[in-house]
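Single-structure report; data block below.
Residue numbers (the numbering used here): 7 to 198.
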């Protein structure tokens, strides 16, 4: 194994036990070197155990749970931490429980909307002989005047541009006349 070795201040250049100077990158003896018998099962098992321990940390487990199962694991841990500190978590301030229940409320409202609004509309359309495409065309056409008005404001045509230009010129002329009147009055006041 290659690595730097820490040395005491008074032994900065003294050779180590193998004759290499301190702070050298000389390799450290490995098991099995110089007649020692290597134990590959022990070292492999030791490395595997160390790797397993590094993979199975609480942070890594929480990351796995967050990624695969529960994106709100942090809220759950926070709730548990508050309870461990003898804090009170009620239904009103429990964000984790609120998020869990939210999906059920949305599903119930969606089902009620489908049952009470969409199903009767579809039944009425079928009984009158209309298709969904015809309903879509009607809804689109119903908002056409409003949409045209908004689009005209965003994208004016030449007539609208000319009208705005004429209006701006009129305003500039009025301002120039007011300025001239103000100058004339100030000159009169200066002469008196």
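Cβ coordinates follow ideal geometry from the N, Cα and C atoms, glycine included.
Here the structure is a predicted model, which is why all the values come from computation and not from measurement.
Worksheet item: For the candidate residues 161, 81, 181 and 165, whose alpha-carbon lies nearest to that of residue 99?
Response: Against the chain shown, residue 99 aligns to sequence position 93. Comparing C-alpha distances from residue 99 to each of 161, 81, 181 and 165 shows the shortest one belongs to 81.
Discussion item. So for residue 64, helix, strand or coil by DSSP?
Written reply: As a working note, residue 64 is residue 58 in the chain shown. If DSSP states are grouped into helix, strand and coil, residue 64 belongs with the helices.
Item to complete: Give the secondary structure of residue 29 by DSSP, where H, G and I count as helix, E and B as strand, and everything else as coil.
Response: In the chain shown, the residue the question calls residue 29 occupies position 23. Confidence at residue 29 is low in this model, with a pLDDT of 38, below 50, so its placement is unreliable and no value can be given for it.
Worksheet entry | Rounded separation between residue 121 and residue 115 - CA only | Sequence index remark: in the chain shown, residue 121 carries index 115 (1-based). Sequence index remark: in the chain shown, residue 115 carries index 109 (1-based). Residue 121 and residue 115: Cα-Cα distance of roughly 10 Å.
Practice prompt. Put residue 78 into one of helix, strand or coil per three-state DSSP.
Written response: As a working note, residue 78 is residue 72 in the chain shown. Coil at residue 78, not helix or strand.
Practice prompt. Check whether the segment 66–86 touches the segment 94–111, counting contact only when three or more Cβ pairs, one atom from each stretch, lie closer than 8 Å.
Written response: The segment 94–111 and the segment 66–86 touch, with three or more beta-carbon pairs separated by less than 8 Å.
Worksheet entry | C-alpha gap between residue 94 and residue 117, whole angstroms | Here the question's residue 94 lines up with position 88 in the chain shown. Here the question's residue 117 lines up with position 111 in the chain shown. The straight-line gap separating the alpha-carbon atoms of residue 94 and residue 117 is approximately 35 Å.
Worksheet item: In this structure, does DSSP put residue 137 in helix, strand or coil?
Response: Within the chain shown, residue 137 is the residue found at index 131, counting from 1. Reduced to three states, the DSSP call for residue 137 is coil.
Worksheet item: Hey, how far is the Cα of residue 162 from the Cα of residue 180?
Response: Here residue 162 refers to the residue found at position 156 of the chain shown. Here residue 180 refers to the residue found at position 174 of the chain shown. Looking at the two C-alpha atoms, the distance is approximately 25 Å.
Worksheet item: Where do the ends of the alpha helix (DSSP H) carrying residue 120 lie?
Response: As a first step, residue 120 is located in the chain shown; it is residue number 114 there, counting from the start. Residue 120 -> no alpha helix (DSSP H), and no H or E assigned at all.
Worksheet entry | C-alpha distance - residue 137 paired with residue 153, whole-angstrom precision | Position 131 of the chain shown holds residue 137. Position 147 of the chain shown holds residue 153. Cα to Cα, the separation comes out at about 24 Å.
Worksheet item: What number of angstroms, rounded off, separates the C-alpha of residue 194 from the C-alpha of residue 167?
Response: Locating residue 194 in the chain shown gives position 188, counting from the first residue. Locating residue 167 in the chain shown gives position 161, counting from the first residue. Rounded to the nearest angstrom, the two C-alpha atoms are 41 Å apart.
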